[in-house]
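Worksheet: one structure, shown below.
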Amino acid sequence: MRRDTLALYGRYMAVALRGQMQYRASFALLSVGQFFALGIEFLGIWALFDRFGSIRGWSLPEVALLYGMVNVAFALAESFGRGFDLFSALIKAGDFDRLLLRPRSTALQVAGSDFQFLRVGRLAVGLVALAWSASVLAVAWTPAKAALVVASVLGGACVFYGLFVLQAVLCFWTVESLEIMNTVTYGGTETAQYPLGIYRPWFRRFFTFVVPLACVNYIPASALLGREAALGVPPWLPWVAPLVGVAFLLVCLRVWTFGERRYRSTGS
Amino acid sequence: MKAYLSLFGARFKTLIQYRAAAVAGFGTQLFWGLIRVMILEAFFRNSTAAQPMTLSETITYIWLGQAFFAMMPFSANPDPEVRNMIRTGSVAYELARPLDLWGLWYARAVAARSAPTLLRAVPMFLAAVPFFGMALPPSAWSALAWALSMAGALLLVSAFSTVITISLLWTISSDGITRIMPALVLLGSGLVLPLPLFPESFQAVLRALPFSAMADEPFRLYMGHLPPEAAPAVLLKQALWTAAFALAGRFLMARGARRLVVQGG
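Going down the list, the protein sequences come from chains A and B. Heads up: the first sequence is residues 469 to 736, going by our numbering. Heads up: the second sequence is residues 6 to 270, going by our numbering.
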């Protein structure tokens, strides 16, 4: 990695932002629409708590912490990982060949090829949920606890970013982007909105050891809420668990270089 | 009438070819269904009080929702081909045909809502009934009531999505409407959460909307949560809303065609 890599990435972001600022009305409409859609989904969650009181002993504000963390994380990954999300278009048009010719890593170029900064509906919903739960919960907030929330969100963003990279890697073989990846991206978001303890064992294992969403959401949140006893893990573990998200992203980037070597142009 | 039926037949035959897409869609729906079943199981385990719907009814409801998800007006709505026609200006050819344009687009909508649904619903039944706790209708009468109301739902959804397609004559891109409308339909049809599980006051509002007749009421006829005797009322509701959307669609289309500016080139 060269020293000016970050500077180049910053340049890519600045260009994308300047471009998107040309479409302010579209941005406002899309964000309002997204906010509205997620708000309606939250109505469903609220109705369930209104009827049943709690889920496995977790109250609505506690679940809102999970909900807020995972949605902010996903929103960040969606904004920055859009290049990978739209990668199949690059392959189909044969435009990936051009990236191969440039003296920079392809992962960096794909990462910089597109951003989505202005669709902030999900981010707003997540932040509102986080703020509400933080103010309602009887948690004695300390700098360490606040740092754990931030680390979990960033770790979660890394996990989702890694999933977008994997989705793009699959395009090296399939050309077309696979809808099945939505089950772990959007489906993962849905899953992580509730305490992982409610799911069947195989499902829990999948979202802990294969796609480590639990490490950046359920496990640290349990520590914040004083529920670490239910996890059955050493007490220090939740405080470092978000690092697993970073490790997951690094593994995914390794898989990217592996997949890239098997790339064959579509020739179009 | 024959022209519209044969148009429907042609579109249906085209759309039933997309089997790979159906397999992918089936996998996704199955996964989502599992998540939703596990979430609701956990909520039900939390409370011993009697609920307006039992857990096994709720599970069947969820799987019906997954099976008929493609019938709901989300994907391919507004009609992507009509959207393209309007953007490129070739909608002018449509206007020149010696047929009623609303009927034409309605036939397209019925095909777009039925063929992909058939491809996804059949495997969903085959998977969910033996393996994932989906029940069959308790009686032949319930099954009949469900089948009739499902057909009614198809006609209703198609009339609704035709109105959305016609709105393209004004908005051209339809980005705004396609963001907000699905959330409303999801909520009102019971696909976010079965309607009987909402608080009472909330249910009253949702029942007054047309969306509950698109999924919730047929589903409840299926499992006997609504007795078969309730079927005529459901069918009447569907017929009235279908007529309302058809009239609205025709009215909008007449206005739209008069002021339509064909995007040239």
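Backbone N, C-alpha and C define an ideal beta-carbon position, used for all residues, glycine too.
Can you have a look at residue i and say buried or exposed, based on whether 16 or more other CB atoms are within 10 angstroms of its CB?
| i | result |
| --- | --- |
| ASN89(B) | exposed |
| VAL719(A) | exposed |
| VAL618(A) | exposed |
| THR653(A) | buried |
| PRO710(A) | buried |
| GLY38(B) | buried |
| MET76(B) | buried |
| MET6(B) | exposed |
Does the beta carbon of residue i come closer than 8 Å to any beta carbon on chain A?
| i | result |
| --- | --- |
| ASN82(B) | no |
| VAL197(B) | yes |
| TRP110(B) | no |
| LEU192(B) | yes |
| PHE224(B) | no |
| GLY38(B) | no |
| GLY270(B) | Its pLDDT being 49, under 50, GLY270(B) is placed unreliably by the model, and the measurement read from it follows with that caveat. No, GLY270(B) does not count as interfacial toward chain A. |
| ASN51(B) | yes |
| THR65(B) | no |
| ARG184(B) | yes |
| LEU214(B) | no |
| PRO204(B) | yes |
| ALA207(B) | Looking at the sequence itself, residue 207(B) is Phe, so the reference to Ala does not match. Output row for PHE207(B): interface = yes. |
CB-CB under 8 Å to residue i, same chain, minus the five flanking residues each way: which ones, in chain order?
| i | result |
| --- | --- |
| PHE552(A) | VAL578, ALA579, TYR629, PHE632, VAL633, GLN635 and ALA636 |
| LEU106(B) | GLU99, LEU100, MET258 and ALA262 |
| ARG570(A) | GLN577 |
| GLN208(B) | LEU200 and PRO201 |
| ASP518(A) | none |
Kindly say whether residue i, judged by its beta-carbon, lies nearer than 8 Å to any beta-carbon of chain B.
| i | result |
| --- | --- |
| SER733(A) | no |
| ASN539(A) | no |
| ARG590(A) | no |
| GLN502(A) | yes |
| GLU647(A) | yes |
| GLU509(A) | yes |
| ARG729(A) | no |
| ASN650(A) | yes |
| ARG524(A) | yes |
| ASP472(A) | no |
| ALA597(A) | no |
On the premise that residue j lies in contact with residue i, defined as a C-beta separation below 8 Å, what is that separation, rounded to the nearest angstrom?
| i | j | result |
| --- | --- | --- |
| LEU240(B) | SER154(B) | 6 Å |
| MET58(B) | LEU202(B) | 6 Å |
| PRO680(A) | GLY713(A) | 7 Å |
| ARG672(A) | ASN51(B) | Not a contact, Cβ separation roughly 18 Å. |
| GLY229(B) | SER144(B) | 7 Å |
| ASN539(A) | GLY594(A) | 3 Å |
Which of helix, strand or coil does DSSP assign to residue i?
| i | result |
| --- | --- |
| ILE523(A) | strand |
| TYR667(A) | coil |
| ASN650(A) | helix |
| ASN539(A) | helix |
| PRO199(B) | coil |
| ASN89(B) | helix |
| MET155(B) | helix |
| MET129(B) | helix |
| MET228(B) | coil |
| ALA213(B) | helix |
| GLU5(B) | Residue 5(B) lies beyond the residue range present for chain B, which begins at 6 and ends at 270; the question has no answer from this structure. |
| ILE21(B) | coil |
| ALA150(B) | helix |
Spatial neighbours of residue i within its chain, please: CB distance less than 7 Å, with the 5 preceding and 5 following residues excluded, ordered by chain position.
| i | result |
| --- | --- |
| ALA1(B) | As shown, chain B starts at 6 and ends at 270. That puts residue 1(B) outside it, with no answer to give. |
Return the chain-ordered list of same chain residues with a C-beta closer than 6 Å to the C-beta of residue i, the five sequence neighbours on each side being excluded.
| i | result |
| --- | --- |
| PHE216(B) | VAL190, GLY193 and SER194 |
| TYR23(B) | none |
| GLY270(B) | Because the pLDDT at GLY270(B) is just 49, under 50, the model does not fix this residue reliably, and the point stays unresolved. |
| PHE224(B) | TYR66 and LEU69 |
| LEU586(A) | GLN488 and PHE495 |
Examine chain C for any beta-carbon lying closer than 8 Å to the beta-carbon of residue i, and answer yes or no.
| i | result |
| --- | --- |
| THR657(A) | Among the protein chains of the structure shown, namely A and B, there is no chain C. |
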